[in-house]
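Asker: What follows is a single structure, and I will ask about it in a moment.
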Amino acid sequence: MAFFAVFRTAFLLAVLSWRTCQSEVLPERLPLTPESLHISINSTLQHLHLQWTVHKLPYQELQMIFQIEISRFETSKVIWMGNYSTTVKRNQVLQWSWESELPLECATHFVRMKSTVDDARFPELSFSSNWSPWEEVHAHTPEQNTDLIFPRDKLVEEGSNVTFCYNSGINQNISCYLDRELIHGEQLYLNIFTFKLNNVPFIREGGTNIYCAVNYTIKDGTVLFVSKVLEEPKDFSCETQDFKTLSCSWDPGVDTGLFFDGQPSQHYTLFESFSGKKKFCEHNNQCNWEISRDLQETYNFTLTAENYLRKRSVNTIFNLTHRVHPKAPDSIHFNNVGATNATMTWKMPALGNYSTLLCQIELHDKENMRQEHNVSIKVNGEFLFSELMPDTAYMVCIRCANAKHVWKWSKWVTRTLITAEAAPSKALDVWRKVKPEKGLHHVTLFWKPLSKFHANGKILFYNIVAKDLDKKSELKLQSIPAPANGTELTLDQGSYQIQVTANNSVGASPASEIVISGDSGNEEVEEQKINGTKDGFLISWKPLSEDRAGYVVDWCEHQRNLHCELQWKNVGPNTTSTVISSDAFRPGIRYNFRIYELSTEKIAYLVENKIGYTQELAPSDSPQVKAINVTSHSFTLSWKDYDTEAQRGFIQGYRVCLKSKATQCHLDSVAELLPDNSTCCEHAINNPKQKIFLVENLQPESFYEFFVSSFTSAGKSPIGTFTKVTTQDEHSHMLMHIILPMVLCVLLIAVMCYWKSQWVKEKCYPDIPDPYKSSILSLIKSKESPHLRIMNVKDCTPDTIEVVNKSEGTKTQFIGIEKPLTESEFPKPANLYLLPAQDFCVPGPCISFVNHTYSESACDSGSCAHTPVPDTAPPCHLELLASPDNLLNTLEKTHTDSLGEIPAGKISLNYVSQLASPMSGDKDSLLIHSPVPVLCSEYKMQMAVPSCLDSPVLSENGSLSSMTLLGQDKHYH
Amino acid sequence: MRAQLTWRTLLSLVLGLLLLSPAVEAAVAMCRCSNSYTQLLGQLRSQANLMKDTSCLLEPFIRLQGLDTPVLRESCMKCSRAFPSEDTLRGLSRHGFLQTVSATLNGILHRLAALQQHLLKGKNMPEMQVATRNIQGVRNNIYCMSELLTNCSETPEPLLPGPRATLMPSTLNFFKSKLEGCQFLCGYHRFMGSVGQVFGEWGNSLSRNRRHSPRQALHKGARRARPSRRVKRPVPRGQLFR
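Going down the list, the protein sequences come from chains A and B.
Per UniProt numbering, residue 1 is the first one in the first sequence, and the count goes up by one each step.
Per UniProt numbering, residue 1 is the first one in the second sequence, and the count goes up by one each step.
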């Protein structure tokens with residue numbers, strides 16, 4: 001043992017002495033110094049890539065540590081020191097990379113290293129080598145002279161930190177910008193500046209521009225492309241619809257693509273680990289995978305999203321049968337469709353017999369889901385629907401899923417099922433209106449259309465059958481095509497049972513019965529007022545009898561319409577009140593409710609009649625008032641035409657508003673302020689039936705204005721225009737009592753005079769005067785002229801009568817005169833012409849005289865036509881004045897007087913007589929305008945001819961008589 | 001062997017069709033050409049005036065590429081001089097002018113496609129598509145106008161060199177490509193403005209032949225714009241579409 005200890009000490013001493021000796025010898029030739037150091041630059045990654053070897057490795061391999069120093073700009077400016085530990089093999093080329101934060105292009109870098117054996121197996125080798133020589137490295141730039149900013153077109157992820165450097169070169173006033181912002185760099189070395197961007201954001205796909213310029217002249221620039229961070233695919237899942245293809249889909253998240261070659265949109269690959277297959281996906285969100293024919297049961301998929309900067313993966317593992325997403329069912333048909341049932345068939349596509357499917361069926365009508373069923377099938381499905389409604393459209397929805405493991409349901413498929421029709425299931429609700437007239441009943445039937453639920457199909461027509469209950473005979477009246485909700489019947493006053501049925505294509509509804517008795521329509525019940533609310537009318541009544549089938553309340557929906565839209569409500573037999581409500585009810589409309597009691601024989605008896613408003617309104621118009629019986633102290637107002645029932649509420653009375661000059665109102669009225677700030681005296685009438693009002697205690701000959709307004713519980717009718725009345729004079733009444741009788745008396749006398757005018761005329765002015773009574777006689781006597789005497793009529797032979805039209809103002813020409821005569825020139829007296837019995841052209845003396853007595857109208861103007869004075873005087877015109885000059889003057893005066901009494905235009909019947917011989921001693925001057933003197937020696941019979949005859953009178957021998965009718969421009973002989 | 005022959009035949013047919021396509025296009029255009037000189041001229045003026053508006057293409061490009069800063073905009077507005085100057089265009093005969101404009105527009109179409117691919121990575125820029133359609137429309141109208149002038153016995157003249165080569169982008173870094181694209185679009189708008197100006201000087205009558213001295217104009221244009229030396233030496237028409 002002691003020997004062993006001594007030996008070990010001696011050995012150690014020997015080794016130490018050898019090592020000491022060796023350390024003194026080896027410094028010049030340390031064998032493990034790194035050699036052949038080669039440095040390259042990866043500008044994109046900003047990596048310095050080092051390669052070296054270790055020569056004369058004493059062993060096959062050694063665990064070594066390499067100490068590395070990196071300097072920038074100068075060897076003395078060491079910026080990084082570190083160790084790289086590795087196992088070195090003989091003749092191995094060692095590699096190591098260093099990533100520079102600063103772009104490598106910005107500076108010259110120097111690298112050196114030394115090694116140390118750190119191998120426990122060879123502790124004797126545990127010493128460090130010498131430093132290798134400094135190796136200088138420059139980054140190569142394409143355009144060495146112009147590129148100033150680095151790195152070029154750098155691609156980083158959002159949120160990264162980037163260091164830029166720029167070489168200001170000789171430009172002292174160079175400015176560098178990051179987009180719009182001026183950059184203040186930190187001087188790194190001489191003209192090299194650097195700046196660091198931390199947590200860079202994504203700004204645009206076109207990258208962030210970094211550039212340097214001198215006086216707005218760009219010297220250089222680069223683009224920093226900031227990519228969004230690639231996201232992990234979300235919602236990655238795969239499924240099959242046909243056991244042939246797996247369709248995998250996912251949400252790719254943001255697109256990390258940029259306008260840069262180095263960063264296109266990310267791409268996706270799908271890898272299945274059990275089969276070891278990989279597929280590059282064409283789309284960013286889905287990929288199809290072919291299922292192998294051996295139907296691999298389990299799949300383990302890895303989806304990898306990748307862009308230039310990053311990879312993200314997600315994984316899913318599943319059993320194929322748990323990822324069945326069936327396609328939607330197809331070939332859906334309905335068979336044996338009845339009124340209440342139908343069979344549906346369908347097929348499931350492309351799944352084959354690999355799995356059992358569960359199908360969900362829902363049956364909806366328009367509003368709700370009515371039925372829900374689950375059916376298991378393989379490929380073909382069938383289901384029977386029952387308890388369906390006739391003539392109803394249903395929506396049938398179906399979808400299917402794998403029965404063993406529901407992954408996803410197929411899409412819903414919807415089809416419409418319409419069931420067949422059935423006969424209507426409910427009797428119609430029928431009501432009637434009876435109007436007795438002339439021994440007949442005009443019955444208007446109304447019915448409410450059946451609901452779709454009860455109609456069971458389209459109602460085609462309604463059948464109405466009336467049965468005479470007295471005669472027990474049945475009369476099929478009519479079939480009314482739908483849509484109709486009523487009809488009119490005319491029945492006699494007997495009792496009739498009327499049955500109404502609704503019919504569709506399948507059959508008829510149960511009959512609805514109603515009985516019209518002989519008394520129907522003649523019931524009279526007192527009207528009662530009721531108050532309605534906005535919710536309707538509460539109507540109550542007293543039963544008529546114990547034995548009743550029910551009640552019916554009817555009313556008109558739109559009362560003001562000419563056509564009453566009759567509404568009714570059926571009420572049970574034990575109910576004596578009901579609420580009638582309707583959306584059609586409007587405020588201010590009067591509704592009339594009639595309550596009928598239905599007997600068990602279906603006969604309706606009117607129980608009560610009620611009227612009311614849901615809400616009373618003020619009258620919309622005021623009465624049209626007339627003022628009558630206006631006296632000096634009163635007048636009466638009347639508005640009997642005012643229809644109180646057509647108003648918008650129950651008329652409770654009237655207000656008579658009277659305006660006058662009087663400042664004080666009478667005791668029975670109150671002063672009322674009007675909207676125009678004037679006042680009136682208002683008289684209240686609280687009886688709605690009083691439509692007349694006497695306004696008393698007025699002043700004579702005074703001006704009054706009045707207005708009458710009606711009022712309901714809701715207010716008064718609007719005030720319109722006041723009517724004006726002026727009271728009469730106080731004496732006018734008395735005057736009327738005097739003047740009126742006087743006028744009547746005068747009128748009576750005038751009538752009497754007119755009535756007795758003939759008698760007076762005959763008495764006072766006979767047509768044929770008695771010459772002996774003439775005034776001329778007195779003249780004759782006074783003159784006592786021997787030549788003047790009275791001609792006896794008996795001595796004269798009647799000759800002719802000439803009717804002379806004496807039209808004043810008409811210019812008349814005498815034939816042969818050739819000169820129109822003015823009125824002054826015209827001989828005013830009516831002349832008696834002495835005309836020859838035969839041709840007037842027969843020469844002979846003709847004597848005429850003026851008979852003033854006869855110058856009177858021969859007939860009244862009412863019966864006679866106007867006959868002008870003849871235009872053409874007889875060709876033989878001989879005028880004779882049968883009196884001396886003084887007489888002539890007197891006569892002319894008399895003539896003038898009498899002419900003035902003859903109405904113009906009247907026809908005179910001149911009496912023409914014939915003298916036996918012309919009187920001697922007549923003045924020649926009087927025989928004017930007598931070219932051919934005619935001698936009339938014969939007396940002829942005188943005839944009185946009414947001058948109104950306008951047609952010539954033929955003599956018996958067909959020739960004209962000697963009567964001359966002188967019409968207007970016509971002469972007849 | 002037979003299959004190989006068939007493929008060759010098919011290939012030659014396809015190539016033939018491709019080569020013929022300009023002729024087919026021309027034929028189609030001709031079929032639709034208006035015979036109204038006034039109408040064509042009016043359309044060309046309107047199109048040129050529309051396309052000179054920088055808001056149609058340049059401004060959207062500037063915004064998309066982040067060049068909307070004072071310094072970068074200043075640089076953008078140093079328009080590319082690869083386009084014939086207005087004086088150069090004015091000095092050409094009407095026929096020569098039309099051919100030159102058509103050839104330049106053809107080059108622009110190629111450059112726009114390159115811009116789309118290089119700077120937008122094929123992503124959709126609606127304004128670029130609209131501009132492309134407008135350029136095609138102008139070219140069609142130029143073709144029709146050219147046909148109309150030919151029918152009126154205006155002799156076609158040698159053309160200015162096509163600017164296609166000078167319009168193509170250089171392989172620069174992305175920043176410089178952006179600026180170059182921007183300057184190109186600026187030049188495009190300016191060129192269309194010049195085209196509109198020249199069209200505006202055309203008479204409203206087909207018979208009136210406005211013609212300046214081409215050589216003088218060329219000299220003038222070269223002095224001002226210096227698009228390239230080739231401008232001074234008109235090349236045959238066929239070379240334009242190589």
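All C-beta atoms, glycine included, are put in the ideal place defined by N, C-alpha and C.
Bear in mind the structure is a predicted one, so any value in this text is a computation, not a measurement.
#1: Tell me proline 436 of chain A's beta-bridge partners as DSSP assigns them.
#2: In this structure, does DSSP put leucine 428 of chain A in helix, strand or coil?
#3: Would you list the residues sitting across from proline 481 of chain A in a DSSP beta bridge?
#4: Threshold first: 3 residues or longer. Then list the beta strand (DSSP E) segments lying entirely within the segment 708-773 of chain A, N to C.
#5: Rounding to the nearest angstrom, what Cα-Cα distance links serine 855 of chain A and cysteine 764 of chain A in this structure?
#6: In this structure, does DSSP put glutamine 136 of chain B in helix, strand or coil?
#7: Since methionine 113 of chain A and isoleucine 65 of chain A should fall inside the 8 Å C-beta cutoff, what is the C-beta to C-beta distance between them, to a whole number of angstroms?
#8: Do the segment 641-650 of chain A and the segment 614-626 of chain A make contact, defined as three or more Cβ pairs closer than 8 Å?
#9: Expressed to the nearest angstrom, what Euclidean distance is found between the alpha-carbon atoms of serine 376 of chain A and leucine 450 of chain A?
#10: Check whether the segment 150-169 of chain A and the segment 210-228 of chain A are in contact - that is, three or more C-beta pairs closer than 8 Å.
#11: Tell whether a beta-carbon distance below 8 Å holds between valine 324 of chain A and leucine 428 of chain A.
#12: Can you confirm whether valine 71 of chain B, when its beta carbon is compared against all beta carbons of chain A, has any partner nearer than 8 Å?
#13: Is histidine 50 of chain B near leucine 185 of chain B, with beta carbons less than 8 Å apart?
#14: Whole angstroms is fine: what's the gap from glycine 439 of chain A's alpha carbon to cysteine 745 of chain A's?
#15: Count the other CB atoms, across all protein chains shown, that sit within 10 Å of the CB of tryptophan 431 of chain A; report buried if there are 16 or more and exposed otherwise.
#16: Return the chain-ordered list of same chain residues with a C-beta closer than 8 Å to the C-beta of valine 760 of chain A, the five sequence neighbours on each side being excluded.
#17: Below 8 Å, can you find three or more Cβ-Cβ pairs linking the segment 301-321 of chain A to the segment 263-276 of chain A?
#18: CA-CA distance, cysteine 359 of chain A and phenylalanine 585 of chain A?
#19: Taking the alpha carbon of threonine 298 of chain A as the reference point, which residue from A:Ser638, A:Asn319, A:Lys278 and A:Trp447 has its own alpha carbon closest?
#20: How long is the line joining the alpha carbons of valine 670 of chain A and histidine 441 of chain A, rounded to whole angstroms?
#21: Considering only C-alpha positions, which residue in the set A:Ser36, A:Leu188 and A:Lys659 is nearest to asparagine 677 of chain A?
#22: Count the CB pairs spanning the segment 576-595 of chain A and the segment 523-537 of chain A that are closer than 8 Å, and state whether there are at least three.
#23: Going by DSSP, name the residue or residues bridged to valine 571 of chain A.
#24: What residue from A:Lys154, A:Arg180 and A:Lys691 has the CA that sits closest to tyrosine 642 of chain A's CA?
#25: What in chain A is Cβ-close to glutamine 65 of chain B, meaning under 7 Å?
#26: Can you find a CB in chain A that lies within less than 8 Å of the CB of leucine 119 of chain B?
#27: 8 Å is my cut-off, CB to CB: does leucine 184 of chain B come that close to chain A?
#28: Assuming glutamate 201 of chain B is part of the alpha helix (DSSP H), what are its boundary residues?
#29: Report back the beta-carbon spacing between isoleucine 459 of chain A and proline 424 of chain A to the nearest angstrom; my notes put them in contact at under 8 Å.
#30: State yes or no: is the beta carbon of valine 24 of chain B nearer than 8 Å to at least one beta carbon in chain A?
#31: What does tyrosine 216 of chain A reach in chain B if we use C-beta pairs closer than 7 Å?
#32: What is the DSSP secondary structure of valine 162 of chain A, reduced to helix, strand or coil?
#33: Do proline 573 of chain A and aspartate 604 of chain A come within 8 Å of each other at the CB atom, strictly closer than that value?
#34: What number of angstroms, rounded off, separates the C-alpha of valine 156 of chain A from the C-alpha of valine 226 of chain A?
#35: Can you pull the DSSP bridge partners for cysteine 681 of chain A?
#36: Whose Cβ in chain A lies nearer than 9 Å to the Cβ of lysine 123 of chain B?
Answerer: On the basis of the supplied data:
#1: Proline 436 of chain A pairs with A:His441.
#2: In the structure shown, leucine 428 of chain A adopts coil according to DSSP, grouped into three states.
#3: Checking the DSSP bridge columns, you'll see proline 481 of chain A partnered with A:Phe461.
#4: Listed in chain order, they are 723-726.
#5: Because serine 855 of chain A carries a pLDDT of 40, less than 50, the predicted location of this residue cannot be relied on, and no value is offered for it.
#6: Glutamine 136 of chain B: helix per DSSP, three-state reduction.
#7: About 10 Å separates the beta carbons of methionine 113 of chain A and isoleucine 65 of chain A, which is beyond the 8 Å limit, so they are not a contact pair.
#8: In short, these stretches touch, since the Cβ pair count reaches three.
#9: Rounded to the nearest whole angstrom, the CA to CA distance from serine 376 of chain A to leucine 450 of chain A is 41 Å.
#10: Yes, the segment 150-169 of chain A is in contact with the segment 210-228 of chain A.
#11: No. Outside cutoff.
#12: It does: the Cβ of valine 71 of chain B has a partner Cβ on chain A nearer than 8 Å.
#13: Here the sequence assigns leucine to residue 50 of chain B, which means histidine is not the residue at that position. Going by C-beta atoms, leucine 50 of chain B is not nearer than 8 Å to leucine 185 of chain B.
#14: About 58 Å.
#15: Label assigned to tryptophan 431 of chain A: buried.
#16: Within the same chain, valine 760 of chain A has close Cβ partners Cys753.
#17: The answer is yes - the segment 263-276 of chain A touches the segment 301-321 of chain A, with three or more Cβ pairs under 8 Å.
#18: Phenylalanine 585 of chain A has its alpha-carbon roughly 52 Å from the corresponding atom of cysteine 359 of chain A.
#19: Answer by Cα proximity: A:Asn319.
#20: Their backbone Cα atoms lie some 54 Å apart in a straight line.
#21: Nearest C-alpha to asparagine 677 of chain A: A:Lys659.
#22: With the rule of 3 Cβ pairs closer than 8 Å, the segment 576-595 of chain A counts as touching the segment 523-537 of chain A.
#23: According to DSSP, valine 571 of chain A bridges with A:Tyr551.
#24: Checking every option, the nearest Cα to that of tyrosine 642 of chain A belongs to A:Lys691.
#25: Within chain A, the residues near glutamine 65 of chain B are Gly206.
#26: So, interface residue.
#27: Residue identity check: residue 184 of chain B is phenylalanine in the sequence provided, not leucine. No - not a single Cβ of chain A is within 8 Å of the one on phenylalanine 184 of chain B.
#28: For glutamate 201 of chain B, the enclosing alpha helix (DSSP H) begins and ends at 174-201.
#29: Indeed, because the Cβ distance is near 7 Å, the residues count as touching under 8 Å.
#30: Bear in mind that a pLDDT of 48 at valine 24 of chain B, under 50, signals an unreliable position, so the number given afterwards is only what the model happens to contain. So no, valine 24 of chain B is outside the interface.
#31: Under the 7 Å cutoff, chain B gives Val71 and Glu74.
#32: Annotated three-state conformation of valine 162 of chain A is strand, per DSSP.
#33: Before going further, note that residue 604 of chain A is alanine rather than aspartate in the sequence given. No, the Cβ-Cβ distance between alanine 604 of chain A and proline 573 of chain A is not below 8 Å.
#34: Rounded to the nearest angstrom, the two C-alpha atoms are 5 Å apart.
#35: Bridge partners of cysteine 681 of chain A: A:Leu658 and A:Ala671.
#36: Neighbours of lysine 123 of chain B on chain A, chain order: Glu205, Gly257 and Phe259.
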